[in-house]
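Peer 1: If you scroll down you'll find the structure; I have some questions about it.
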Amino acid sequence: MAHKEYIKDLITGKQILKTPEEINRQGIIKILHEDYNYPLSLMVKEFGVKKSPSDVKRSVPVDVAIFEGTKDLKNKKPKIFIETKKDNYNLGKEQLKDYMTFERDVAYGIWYNGHNENGQTIAYFKKYFKDGTPKFEEISDVPKYGFNSINEQIKYSDLKPTSNLKVIFKNLRGFLAANSTGTTRDEIILEQLSMIIITKLYDEKYAEDTYVKFRVIEDNPKKTSKAIKQLYNEAKTRWNDVFTKDDEITLDDDVLMKVVAQLQHYSLMNSNRNVISEAFESIISYATKGSQGQFFTPENVAHLMVEIANPTESTTVFDPASGTAGFLTTSMFHVWNQIQQTKMRDDAKKDKEQQYATNNLFGIEKDSFLAKISKAFMAVLGDGRAGIFVEDSLKENNWKIATQAKIKDKKFNIILTNPPFGKDIKLSPETKKNFEFGNKIELAFIEMSLRYLEKGGILGVILPETVFHAPKARQIREKLFYKNNITHIIDLPHDTFRPYNNAKTDIIFLRKGEKQQEFVTGIKIDEIGHDHTGKAKYKFNPHTFSFTDEIADDIPNIINSLKNDASSKYIKKIPFSEIKEKDMLVARPYFELNNSSKQITLGELCDKNVIKSFDGHGSPSSYLKGLGTNPYIRVKDIVNLEIAHNRLDDIPDKEYDRLYSPEKALQEKDIVFVRRGSYRIGDVGILYKKDLHSILTREILILRILNNDLGITPFNLLGLLNSQDVRKQLNNLILMDTTLPNIGDRWRDIRIDISNKAELSNLSKQIQEMYNTRCKFWNEYSKLFGNE
């Protein structure tokens, strides 16, 4: 049975059933209360409307009715109706018009669907009468509490900050996607919205009058559009390094007016900077997923990396692949928070903040669109745009003079970066020759970063997990990492960049040119805040068997533990000697479970000649599968603790002879173990007589128990390897080779408890009885079909 979730009703204060419709309703109630100043006491849910003069029961319920007047419903008439149940804009507005028709006094209507990701989410309507018949006009906004029209002049002193900017930006994006001619791509929408936001910020920052210029004029699209575009040209002149002379607001006049209407009552400058950042990032994220390895570093990951790097007012921060400036803005907030903790006067703090943003933050971004957006973002947040340049970081000789003057030959205190990577991103031969590891773009970025880092400077970088453990990448680790002081290795969940990028990534921190410290801080993050589809993931309460409203994100707890130097299940001090011995820069394998003296590793058992191991025979040519009678066993065929023979994969005699080798002849009771393959690693099975003529793929490991006095048999080993304890260990031992899970030789680190001989003997006896029963079945089955 599906569990039920609840949310708080803002009007009554009670817990109510959480449904998509209720989420929408509570969302619009919050905005109208916080931003439009309507008291909750003047709001009624499921307000009954007459569908005819004789309908004394008021049988038609509108989702929300808002009344005007003093904060008392007695003898008040409804002013605004809200419809949230109809998902579709066209159906929703027609339903809303019906409700407004039934109630003569209501003047305004709002249709809202905040969950619509790819279309209009909000619309406003005004009712008027012509010849006694109600008519409806779609308008740009509804009046705030205490006003009858949105056309009244707005004073700068009337502007108010908001905590709902993320929802407002999302609504604007949806509106533009649904209504703006020729502006359907998110990149264009974001660019246009950035221009409008910069214009709004300019009006607030450089006001010379009492009244706001960024506003709707006489509810006239043409007049409003003309005034806003003129204001934008002033802003563009002032901030000519953000937009080029060719950048223009191209939205239709009526569309532009409605966007302005949604922003005109707010103060961006006085809104919390974190609110602005979160809102801007919410729309940036729509437009920054895609080709060339450009994907958005989650805000919580950037926050963790900045906390570890800990920039101060005197440190410089550089990102050679800055994208939308996530590391730079997070660093800026980090330092600003330090400045705010000082006892300086407020105006002095503001000067310090401006000075840091202007002089200490640097970024290079190849994509001109991303660079433009990041500049706009920085300008809105704190005017730190001056240090961002549009260049190819890896082609220093082609940099423009301004870039060379600011960055070339400079040594930075901190470099934080998430460089592009992927097999489809190739460097030109001219660029490759400048880097030792120029065959991979992400490694060229690391080389470049180390060049630009001062001695003792901090580098924090996100890279594919393969770089940190694969044998083929050993030389990379030796030359780029081990020559410096490695301070932190951080394991990120596979979902971190999903669904936009499937690569499993990790983070490494090092200090350039320093002597290696004795212990490295290992961090293992299990929950990142979203699932593989990108949707928010919530914590599960096993007692109520329901999800809470708390996001499943380990990073806040990790940051708190790091700040307080507190112990945590997510953090472990790892001896560097162990890291170097294993040549393993992934944190996960060091977080072993149940590591007790009673346990022994499979590797130790191999060294004691208790277990003999070898891999499978190999893979036949694909076109030969199904053309013979000799079984070919793949990873997917290890099912229910044995081999499932798929005759569609059988191979001819000649191919069997080519792959077979006497050294890998199979025996009854051999254990097969999957060590590479999607989601199947660790699956085990035991061989029967029927399986001995098989060819096994090399992704399957064969374990053979030799005579021993430890009490280990094929049967109890099968049981132990299929136990919950070993399954938990596998979570830490399985690493990603680009996008495919792989345990490599780390199966040797699997620990089993063989200390209790009596338990081992009993387990062996029970599983052997099952094995014998299964043998009898297969023998009888073979006789039935004459295959003996």
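Just so we're aligned: 624 in the UniProt record's numbering is position 624 of the sequence shown, and the numbers increase by one with no gaps anywhere.
Using N, Cα and C, we set each Cβ at its ideal position, and we do this for glycine too.
(1) Let me know the beta strand (DSSP E) ranges lying completely inside the segment 110-176, each 3 residues or longer, listed in chain order.
(2) Does Asp709 pass the burial test, meaning 16 or more other C-beta atoms within 10 Å, or should it be called exposed?
(3) Verify whether the separation of the beta carbon atoms of Lys226 and Glu248 is less than 9 Å.
(4) When the cut-off is 9 Å and only beta carbons count, does Leu450 lie next to chain D?
(5) When you compare only the Cα positions, how much space is there between Lys205 and Ser271?
(6) Could you give the distance in angstroms between the alpha-carbon of Phe67 and the alpha-carbon of Lys77?
(7) Jot down the residue ranges of each uninterrupted beta strand (DSSP E) in the segment 31-86, minimum 3 residues, whole runs only, in chain order.
(8) For Ile558, count neighbouring C-beta atoms within 10 Å of its own C-beta (all shown protein chains included) and say buried if the count is 16 or more, exposed if not.
(9) On the DSSP letters alone, give me the boundaries of the beta strand (DSSP E) that Lys572 sits inside.
(10) So within the segment 362-443, which uninterrupted alpha helix (DSSP H) runs reach at least 4 residues, ignoring any that extend past its ends?
(11) Confirm, please, whether the CB-CB distance from Leu763 to Gly719 is below 9 Å.
(12) Hey, quick one: how far does the alpha helix (DSSP H) through Val255 stretch, first residue to last?
(13) So Tyr538 is in the beta strand (DSSP E); what residue range does that whole segment cover?
(14) Around the C-beta of Thr12, are 16 or more other C-beta atoms found within 10 angstroms, so that it is buried, or is it exposed?
(15) Alpha carbon to alpha carbon, what distance is there between Ile671 and Met1?
(16) Report the three-state DSSP secondary structure of Ile579 (helix, strand or coil).
(17) With distances taken from CA atoms, which of Tyr38, Phe102, Met736, Arg25 is nearest Ser59?
(18) Can you grab the Cα-Cα spacing for the pair Asn756 / Arg588, in whole Å?
(19) So, under 8 Å CB-CB, Asp657 and Gly628 are touching, yes? Tell me the CB distance rounded to an integer number of Å.
(20) So, does the segment 165-176 touch the segment 109-126, judging by three or more C-beta pairs under 8 Å?
(21) Would you call Tyr662 buried or exposed, if buried means 16 or more other Cβ atoms sit within 10 Å of its Cβ?
(22) Which residue comes first and which comes last in the alpha helix (DSSP H) that contains Leu763?
(23) Kindly indicate which three-state DSSP category His530 falls into: helix, strand or coil?
(24) Within 10 angstroms of its Cβ, does Met378 collect 16 or more other Cβ (buried), or is it exposed?
(25) Using only CA atoms, which one of Ile633, Val639, Leu641, Asn640 lies nearest to Asp649?
(26) Nearest-angstrom Cα distance between Gln517 and Lys573?
(27) Please say whether Gly109 and Ile28 have beta carbons closer to each other than 9 Å?
(28) Please report the Cβ distance between Val212 and Leu159, rounded to the nearest whole angstrom; I am assuming they are in contact, meaning their Cβ atoms lie under 8 Å.
(29) Using DSSP bridges, identify the partner residues of Ile462.
(30) Quick one: is Tyr590 buried, meaning 16 or more other Cβ sit within 10 Å of its Cβ, or exposed?
(31) So, at 8 Å on beta carbons, what are the nonlocal neighbours of Gln294 in its own chain, with the 5 sequence-adjacent residues on each side left out?
(32) Just to confirm, are Pro493 and Ile523 a CB contact at a threshold of 9 Å?
(33) For Tyr128, which residues of its own chain have a beta-carbon under 6 Å away from its beta-carbon, when the five flanking residues on both sides are left out?
(34) Inspect the CB distances between the segment 409-417 and the segment 309-320 and report whether three or more fall short of 8 Å.
(35) If you draw a straight line from the alpha carbon of Ala357 to that of Arg727, how long is it in whole angstroms?
(36) Thinking C-beta only, is Thr224 closer than 9 Å to Leu256?
Peer 2: Reading off the structure:
(1) Those beta strand (DSSP E) runs which fall completely within the segment 110-176 and span 3+ residues are 122-130, 133-139.
(2) Within the sequence shown, numbered from 1, the residue matching residue 709 stands at position 709. Looking at its Cβ environment, which holds fewer than 16 other Cβ atoms inside 10 Å, Asp709 is exposed.
(3) Translated into the one-based positions of the sequence shown, residue 226 becomes position 226. Translated into the one-based positions of the sequence shown, residue 248 becomes position 248. In this structure, Glu248 does not lie closer than 9 Å to Lys226 by Cβ.
(4) Absence of chain D from the displayed structure is noted, only one protein chain being present.
(5) One-based indexing of the sequence shown puts residue 205 at position 205. One-based indexing of the sequence shown puts residue 271 at position 271. Taking the straight line joining both Cα atoms gives about 13 Å.
(6) Residue numbering aside, residue 67 sits at position 67 when the sequence shown is read from its first letter. Residue numbering aside, residue 77 sits at position 77 when the sequence shown is read from its first letter. Using only the alpha carbons, I get a separation of about 6 Å.
(7) Taking only runs of at least 3 residues, the beta strand (DSSP E) segments lying wholly in the segment 31-86 are 43-49, 60-67, 78-83.
(8) The residue you call residue 558 lines up with position 558 of the sequence shown. Ile558 comes out buried.
(9) Along the sequence shown, read from residue 1 onward, the residue named residue 572 stands at position 572. In this chain, the beta strand (DSSP E) harbouring Lys572 covers 571-575.
(10) Annotation note: the segment 362-443 contains the following uninterrupted alpha helix (DSSP H) runs of length 4 or greater, listed N- to C-terminal: 368-381, 401-406, 429-432.
(11) Translated into positions along the sequence shown, residue 719 becomes position 719. Translated into positions along the sequence shown, residue 763 becomes position 763. Yes, the pair counts as a contact, with Cβ atoms nearer than the cut-off.
(12) By one-based count along the sequence shown, residue 255 stands at place 255. Going by DSSP, Val255 is part of the alpha helix (DSSP H) stretching over 253-263.
(13) In the sequence shown, the residue the question calls residue 538 occupies position 538. First-last of the beta strand (DSSP E) with Tyr538: 538-541.
(14) Within the sequence shown, the letter at position 12 stands for residue 12. Here Thr12 is exposed, its C-beta having fewer than 16 other C-beta atoms within 10 Å.
(15) One-based indexing of the sequence shown puts residue 1 at position 1. One-based indexing of the sequence shown puts residue 671 at position 671. Unreliable positioning characterises Met1 in this predicted model, as indicated by a pLDDT of 45, which lies under 50. The coordinate reading is nonetheless provided below. If you draw a straight line from the Cα of Met1 to the Cα of Ile671, it is about 40 Å long.
(16) Position 579 of the sequence shown holds residue 579. Three-state DSSP puts Ile579 in a helix.
(17) What you label residue 59 is simply residue 59 of the sequence shown in a count that begins at 1. Closest option to Ser59, judged by alpha-carbon separation, among Tyr38, Phe102, Met736, Arg25: Phe102.
(18) Here residue 756 refers to the residue found at position 756 when the sequence shown is read from its first residue. Here residue 588 refers to the residue found at position 588 when the sequence shown is read from its first residue. It is roughly 29 Å from the alpha-carbon of Asn756 to the alpha-carbon of Arg588.
(19) Walking along the sequence shown from the start, residue 657 turns up at place 657. Walking along the sequence shown from the start, residue 628 turns up at place 628. Between Gly628 and Asp657 the Cβ distance is about 11 Å, and since that is not below 8 Å, they are no contact.
(20) The segment 165-176 vs the segment 109-126: in contact.
(21) Sequence index remark: in the sequence shown, residue 662 carries index 662 (1-based). As written in the sequence, residue 662 is Pro, which differs from the Tyr given in the question. An exposed status is given to Pro662, since fewer than 16 other beta-carbon atoms sit within 10 Å of its beta-carbon.
(22) Within the sequence shown, residue 763 is the residue found at index 763, counting from 1. Here the alpha helix (DSSP H) through Leu763 covers 757-784.
(23) For the purposes of this step, residue 530 is identified with residue 530 of the sequence shown, where counting begins at 1. Strand, per DSSP.
(24) By 1-based counting over the sequence shown, the position of residue 378 is 378. By the 10 Å Cβ count, Met378 comes out buried.
(25) As a working note, residue 649 is residue 649 in the sequence shown. When each option's Cα is compared against that of Asp649, the closest is Ile633.
(26) The residue labelled residue 517 in the question sits at position 517 within the sequence shown. The residue labelled residue 573 in the question sits at position 573 within the sequence shown. Between Gln517 and Lys573, the C-alpha separation is close to 11 Å.
(27) The residue given as residue 28 occupies position 28 in the sequence shown. The residue given as residue 109 occupies position 109 in the sequence shown. In this structure, Gly109 does not lie closer than 9 Å to Ile28 by Cβ.
(28) Locating residue 212 in the sequence shown gives position 212, counting from the first residue. Locating residue 159 in the sequence shown gives position 159, counting from the first residue. With 8 Å as the limit, Val212 and Leu159 qualify as a contact, their Cβ atoms being about 7 Å apart.
(29) The residue you call residue 462 lines up with position 462 of the sequence shown. Per DSSP, the beta-bridge partners of Ile462 are Ile507.
(30) Taking the first residue of the sequence shown as position 1, residue 590 is located at position 590. The residue is buried, with at least 16 neighbouring Cβ atoms inside 10 Å.
(31) Counted from its first residue, the sequence shown places residue 294 at position 294. Low confidence applies to Gln294: its pLDDT is 47, below 50, so where it sits in the model is not reliable enough to give any reading.
(32) In the sequence shown, the residue the question calls residue 493 occupies position 493. In the sequence shown, the residue the question calls residue 523 occupies position 523. Not a contact, by the Cβ cut-off of 9 Å.
(33) On the sequence shown, position 128 is the one that residue 128 refers to. Same-chain partners within the cutoff: Lys135.
(34) Judged by Cβ distances under 8 Å, the segment 409-417 makes contact with the segment 309-320, as three or more pairs qualify.
(35) By one-based count along the sequence shown, residue 357 stands at place 357. By one-based count along the sequence shown, residue 727 stands at place 727. In a straight line, the C-alpha of Ala357 is about 49 Å away from that of Arg727.
(36) Here residue 256 corresponds to residue number 256 of the sequence shown, with the count starting at 1. Here residue 224 corresponds to residue number 224 of the sequence shown, with the count starting at 1. Yes.
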